[in-house]
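Order-wise, the sequence lines are chains A, B and C. The numbers in the working numbering rise by one with no breaks, and the one at position 99 of the first sequence is 102. The numbers in the working numbering rise by one with no breaks, and the one at position 60 of the second sequence is 305. The numbers in the working numbering rise by one with no breaks, and the one at position 145 of the third sequence is 176. Inspection log for the structure reproduced underneath, given as structure tokens.
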Amino acid sequence: MMKKILITVVVALVSNAFFAQSAFDKYDGQDDVTSIIVNKKMFQMMGSVKVDANDKETQQYLDLMKKLDNLKVFTTKSTRVSADMKLSADKYIKTAGLEELMRVNDGGKNVRIMVKSGATDSQVKELLMFIEGANKENETILMSLTGNFDLSEISVLTDKMKIPGGDDLKKATRGK
Amino acid sequence: MGQNEFVKLIAPFKDKVFRLAKRLLISSEEAEDATQEVLIKLWSRNKNLDDFNNIEAFAMTMTKNYCLDQLKSKRAGNLQIVHNDFANNEPSSEKIVEDNDSLDWVEKIINQLPVQQRLIIQFRDVEQYEFEEIAKILDMNETAIRVALSRARKTVREYMIKAHSYGIK
Amino acid sequence: MESNKIETLLEKYFRGETSIAEENQLRDYFSSPNVSPNLEQYKPIFGYLALAKEQNFEQEIVLKSKKRNLAWLSIAASVVVLLGIGTYSYFNYYNINQNQDLGTYDDPEIAFRETQKALSMLSTHLNTGIESVQYIQEYENSKNLIFKQQ
């Protein structure tokens, strides 16, 4: 009897290890799901992509991508898959020890961003973004990003700050 | 059944278990290990022991089975299964000269008998079981037992005569 | 007992037809000092059989069996092995996934564009959040900063 309990526990532990890594892989290839997966090897290959020297924006993206390990984006319109994604995400957040960075409610849109810090507070090892009711088609989007990057590096990509004096703000903060 | 009770229960036949094990496995060490194993197995059947009429017979059967399994699995090792050869070949004269002790010689002869004959000699000639009991343990009928017993005793006699003629006193 | 009777008994014995009582008679005879010379060769047989019965089992029986411990040992060993396999597989799986698979796209350019889209979306949302929360505060702070710089 003890033997059976022990074996069950061990199997559960072992399968948990797999679970953590592949929590979302099950969505890859599903009918109602659009998936985008970019792995480290691909990010490394991108390093050799030539960029126009004047295209600062693209260069910013490229610089960030070199610091990424893994990108996974799963999009679905199906309510069933959405519910499942939400469960998986919640479960994963707990087991992976992610902290909520922010939560935005905008009309019917619900955005959550969770992160796992790296060496310093602004350094991020892992990021998870979960969006419900993303658009008119009521899509659910699950995005997972791993690597070693700074939040500001992401922020700067679409830095269209709508506050007045935005450019000054940029100059000022850079001066700090 | 408590441990004390159990020890009392097995007291009458634990030595017989050991002797049977030694007859089959030859080595004292292995016989001791086998005896421990059998007794432990018996202990593990604790609850069912009260149901048994004849625990001794059961224990002897267990011992026989355990030792035969051991022999099978050690076919390649030192445990001898030379009995077939012995029936046909004569022991070399060198060996005869070495084995001066006639009692040792008897033991050697018996130990090289085919397993079944060895079992019957052990049960009848050493432990002095009635044929009825032996029949139960070995699952053979009495006639078959007597036939095998006769054969075994005659083989022993044959080699004793030879030994005697070679000067073993 | 006369040797005739003994000889008859002996023949019975070798045919496997003697009773236990009769076998005991033979034993008694052959252990006595008066064994007739032509029967001497049988002496060791009966002598040995009597002796063989004297062998006793002297060891103490270990009832709290070693077996129990072995069972736990094998369970513990299995657990260690399984954890080892699990851990190995865990890292192996992670590595394999990371190293061998490029992902959804084979073409770096397409992968780049898709990643760009994804990061852009992430960035937008990130900034929305920052914006909404910190709108007023930042503005106040930055106003002071700007004025200070100047």
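For glycine and all other residues, C-beta sits at the position ideal for the given N, C-alpha and C. Note that the structure is predicted; figures quoted are calculated from it, not measured.
Pull up the CB-CB distance for residue i and residue j, whole angstroms please, since I reckon it's below 8 Å.
i, j, result
"LEU157 (chain C)", "LEU154 (chain A)", "7 Å"
"GLY150 (chain A)", "LEU71 (chain A)", "4 Å"
"ALA92 (chain A)", "PHE152 (chain A)", "In fact, because the Cβ distance is near 21 Å, the residues do not count as touching under 8 Å."
"ASN141 (chain A)", "LYS80 (chain A)", "7 Å"
"PHE143 (chain C)", "MET146 (chain A)", "17 Å between Cβ atoms; not a contact."
"ASP295 (chain B)", "ASN87 (chain C)", "Not a contact, Cβ separation roughly 27 Å."
"LEU57 (chain C)", "PHE77 (chain C)", "6 Å"
"TYR404 (chain B)", "ILE354 (chain B)", "5 Å"
"LEU54 (chain A)", "GLN47 (chain A)", "Before going further, note that residue 54 (chain A) is Val rather than Leu in the sequence given. About 16 Å separates the two Cβ atoms, so there is no contact after all."
"PRO75 (chain C)", "VAL351 (chain B)", "5 Å"
Report yes if the C-beta distance between residue i and residue j is below 8 Å; otherwise report no.
i, j, result
"TYR79 (chain C)", "LEU41 (chain C)", "no"
"GLU3 (chain A)", "LYS119 (chain A)", "For residue 3 (chain A) there is no data in the structure shown, the boundaries of chain A being 4 and 179."
"SER154 (chain C)", "THR161 (chain A)", "yes"
"TYR60 (chain C)", "ARG398 (chain B)", "no"
"THR402 (chain B)", "GLN362 (chain B)", "The question names Thr, but residue 402 (chain B) in the sequence shown is Arg. No, the pair does not count as a contact, with Cβ atoms beyond the cut-off."
"GLU375 (chain B)", "ILE51 (chain C)", "yes"
"ASN42 (chain A)", "LEU150 (chain C)", "no"
"ALA83 (chain C)", "ARG369 (chain B)", "no"
"TRP288 (chain B)", "PHE258 (chain B)", "no"
"LYS76 (chain A)", "SER38 (chain A)", "Contrary to the premise, residue 76 (chain A) reads as Val rather than Lys in this sequence. Their beta carbons are under 8 Å apart, which means VAL76 (chain A) touches SER38 (chain A) by this criterion."
"LYS309 (chain B)", "LEU364 (chain B)", "yes"
"GLY160 (chain C)", "MET105 (chain A)", "yes"
"MET216 (chain B)", "LYS286 (chain B)", "Nothing can be reported for residue 216 (chain B), as the shown portion of chain B is limited to 246 through 414."
"ASP31 (chain A)", "ILE40 (chain A)", "yes"
"LEU383 (chain B)", "GLN315 (chain B)", "no"
"ILE92 (chain C)", "LEU254 (chain B)", "no"
"ARG70 (chain C)", "SER34 (chain C)", "Just to set this straight, residue 70 (chain C) is Leu in the shown sequence, not Arg. Going by C-beta atoms, LEU70 (chain C) is nearer than 8 Å to SER34 (chain C)."
"THR400 (chain B)", "LEU358 (chain B)", "yes"
"ARG391 (chain B)", "GLU48 (chain C)", "yes"
Using a Cβ-Cβ distance cut-off of 8 Å, determine whether residue i contacts chain A.
i, result
"THR49 (chain C)", "no"
"PRO149 (chain C)", "Reading off the sequence, residue 149 (chain C) comes out as Ala, not Pro. Yes, its Cβ sits closer than 8 Å to a Cβ of chain A."
"GLY160 (chain C)", "yes"
Any beta carbon of chain B sitting closer than 8 Å to that of residue i?
i, result
"ASN65 (chain C)", "no"
"TYR79 (chain C)", "yes"
"VAL112 (chain C)", "no"
"ILE76 (chain C)", "yes"
"PHE45 (chain C)", "yes"
"GLN56 (chain C)", "no"
Which of helix, strand or coil does DSSP assign to residue i?
i, result
"THR49 (chain C)", "coil"
"GLU386 (chain B)", "The sequence given here places Asn at residue 386 (chain B); Glu does not occur at that position. In the structure shown, ASN386 (chain B) sits in coil (DSSP, three-state: anything other than H, G, I, E or B)."
"ASP370 (chain B)", "helix"
"VAL127 (chain A)", "strand"
"MET246 (chain B)", "coil"
"ILE39 (chain A)", "strand"
"GLY32 (chain A)", "coil"
"VAL52 (chain A)", "coil"
"PHE46 (chain A)", "helix"
"LEU154 (chain A)", "helix"
"PHE143 (chain C)", "helix"
"ILE271 (chain B)", "coil"
"ILE92 (chain C)", "coil"
"GLU102 (chain A)", "strand"
"PHE27 (chain A)", "coil"
"HIS328 (chain B)", "For HIS328 (chain B), the predicted structure reports a pLDDT of 38, less than 50, and the residue's modelled location is therefore unreliable. A value from the coordinates is still provided. It is helical."
"GLU375 (chain B)", "coil"
"GLU33 (chain C)", "coil"
"SER63 (chain C)", "coil"
"SER81 (chain A)", "coil"
"LEU160 (chain A)", "helix"
"ASN108 (chain A)", "strand"
Does any CB atom of chain C fall closer than 8 Å to the CB of residue i?
i, result
"GLU387 (chain B)", "no"
"VAL351 (chain B)", "yes"
"LEU67 (chain A)", "yes"
"TYR64 (chain A)", "yes"
"ASP218 (chain B)", "Residue numbering for chain B in the displayed model covers 246 to 414; residue 218 (chain B) lies beyond these limits and cannot be assessed."
"LEU348 (chain B)", "yes"
"GLU375 (chain B)", "yes"
"VAL360 (chain B)", "no"
"ARG363 (chain B)", "no"
"GLN248 (chain B)", "yes"
Name, going along the chain, the residues of the stretch 103 to 120 of chain A whose beta-carbon falls closer than 9 Å to a beta-carbon of chain C.
Under the 9 Å Cβ criterion, the stretch 103 to 120 of chain A contributes LEU104, MET105, ARG106, VAL107, ASP109, VAL114, ILE116.
Can you give me, in chain order, the residues of the stretch 42 to 57 of chain A that have a beta carbon less than 7 Å from any beta carbon in chain C?
The residues in question are ASN42, LYS43, LYS44, MET45, MET48, MET49, VAL52.
Residues of the stretch 273 to 307 of chain B with a CB closer than 8 Å to any CB of chain C: list them in chain order, please.
Here the close residues are GLU277, THR280, GLN281, LEU284, ILE285, TRP288, SER289.
Identify each residue in the stretch 118 to 138 of chain A for which the Cβ-Cβ distance to at least one residue of chain C is less than 7 Å, and report them in chain order.
Listed in chain order, the positions of the stretch 118 to 138 of chain A with a beta carbon within less than 7 Å of a beta carbon of chain C are MET132.
Taking only beta carbons into account, state which residues of the stretch 82 to 95 of chain C come closer than 8 Å to chain B, listed in chain order.
Listed by position, the residues of the stretch 82 to 95 of chain C near chain B (Cβ gap below 8 Å) are LEU82, ALA83, LYS84, GLN86, ASN87, PHE88, GLN90, ILE92, VAL93, LEU94.
Near-chain C residues of the stretch 395 to 411 of chain B (beta-carbon distance less than 7 Å), N- to C-terminal order:
Taken in chain order, the members of the stretch 395 to 411 of chain B whose beta-carbon sits within less than 7 Å of a beta-carbon on chain C are SER395, ARG398, LYS399, VAL401, ARG402, MET405, ILE406, HIS409.
Can you pull out the residues from the stretch 131 to 145 of chain C whose beta carbon lies closer than 9 Å to at least one beta carbon of chain A?
Going along the stretch 131 to 145 of chain C in chain order, one finds GLN131, ASP132, LEU133, GLY134, THR135, TYR136, ASP137, PRO139, GLU140, ALA142, PHE143, GLU145 with a Cβ nearer than 9 Å to chain A.
If contact means a Cβ-Cβ distance below 7 Å, which residues of the stretch 75 to 88 of chain A contact chain C?
The residues in question are VAL76.
Name the residues in the stretch 260 to 273 of chain B whose C-beta lies less than 8 Å from a C-beta of chain C; which are they?
Flagged, chain order: ASP260, VAL262, PHE263, ARG264, LYS267.
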